[in-house]
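Asker:
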Amino acid sequence: KETDLYSQFLTPPDKIGENRAEASLQRARALNPMVDITAEVKTVDELPDNYFANFDIVCATGLKQEQLERINNICRDNNKKFLCGDVWGMFGYMFADLVDHEYSEEIVQHKAVKRGPDDTEKNARETVSITVKRRAIYVPLQNALSADWSKPELRSRLRRGDPSYFVMKILLRFRDEYNRNPDPAKR
Numbered sequence: 001k002e003t004d005l006y007s008q009f010l011t012p013p014d015k016i017g018e019n020r021a022e023a024s025l026q027r028a029r030a031l032n033p034m035v036d037i038t039a040e041v042k043t044v045d046e047l048p049d050n051y052f053a054n055f056d057i058v059c060a061t062g063l064k065q066e067q068l069e070r071i072n073n074i075c076r077d078n079n080k081k082f083l084c085g086d087v088w089g090m091f092g093y094m095f096a097d098l099v100d101h102e103y104s105e106e107i108v109q110h111k112a113v114k115r116g117p118d119d120t121e122k123n124a125r126e127t128v129s130i131t132v133k134r135r136a137i138y139v140p141l142q143n144a145l146s147a148d149w150s151k152p153e154l155r156s157r158l159r160r161g162d163p164s165y166f167v168m169k170i171l172l173r174f175r176d177e178y179n180r181n182p183d184p185a186k187r
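For the record, in the sequence shown the residue sitting at position 104 is 104 according to the UniProt record's numbering, with numbers rising by one throughout.
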């Protein structure tokens with residue numbers, strides 16, 4: 001579709017009308033030639049569960065919530081990372097389930113130092129960088145989308161939370177119910 005040019009920066013103009021995944025493949029590979037990127041032309045519902053176990057990371061977009069949750073659950077069962085997201089006009093979201101993710105963080109500390117017995121300089125400081133290992137445990141998409149905001153423990157977070165969460169849920173529900181994205185021309 002011509003509207004793909006506005007939201008699909010990886011799709012060249014001469015590829016309009018072609019499968020988006022295939023049309024974007026060349027430019028996606030150019031972003032990092034060290035990463036093996038593939039595009040699938042079958043629908044998600046046609047793919048067996050074991051298909052997704054072949055990847056380190058699975059990225060999904062433009063799918064119904066049930067399809068996203070299915071893929072995420074398969075990825076979790078196989079300890080694979082899952083990313084999904086979408087864009088509707090000027091609104092978009094991104095969700096990451098890295099399951100159990102370990103990473104390193106560099107922390108800069110300032111330590112007081114005394115350089116010797118004759119050192120008269122007060123408050124001499126030295127900058128030291130240390131690397132700290134961290135671990136993050138992620139929740140599945142299904143948990144993130146099924147939160148019961150009427151529960152007292154979550155209700156207090158409601159005011160501090162980002163209202164875009166609910167916009168995302170509305171847009172996903174619209175796609176689920178009408179098999180399409182909202183379009184002002186189709187009111």
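Glycine included, every Cβ here is placed at the ideal spot set by N, Cα and C.
The structure presented is a predicted model; accordingly, all values stated were derived computationally and were not measured.
In terms of residues, what are the limits of the beta strand (DSSP E) holding residue 97?
Answerer: Its beta strand (DSSP E) spans residues 91 to 97.
Asker: Enumerate, from N- to C-terminal direction, the unbroken alpha helix (DSSP H) stretches of 4 or more residues contained entirely within the UniProt domain "THIF-type NAD/FAD binding fold" (3 to 96).
Answerer: List check, alpha helix (DSSP H) in window: 4 to 7, 20 to 31, 65 to 77.
Asker: For residue 58, count the other beta carbons within 10 Å of its own beta carbon; 16 or more makes it buried, fewer makes it exposed. Which is it?
Answerer: When all chains shown are included, residue 58 counts as buried.
Asker: Using the rule of at least 16 other Cβ atoms within 10 Å of the residue's Cβ for burial, across every protein chain shown, is residue 24 buried or exposed?
Answerer: Label assigned to residue 24: buried.
Asker: Let me confirm a value: residue 170 is counted as buried when at least 16 other C-beta atoms fall within 10 Å, else exposed. Which label applies?
Answerer: Exposed.
Asker: Rounded to whole angstroms, what is the Cα-Cα separation between residue 113 and residue 76?
Answerer: Answer to the nearest angstrom: the Cα atoms are 48 Å apart.
Asker: Give the straight-line distance between the Cα atoms of residue 139 and residue 97, rounded to the nearest whole angstrom.
Answerer: Between residue 139 and residue 97, the C-alpha separation is close to 6 Å.
Asker: Might you give, ordered along the chain, the residues of its own chain that have their beta carbon closer than 7 Å to the beta carbon of residue 15, omitting 5 neighbours on each side?
Answerer: 23.
Asker: Do the stretch 130 to 139 and the stretch 98 to 112 touch if we need at least three Cβ pairs shorter than 8 Å?
Answerer: These segments touch.
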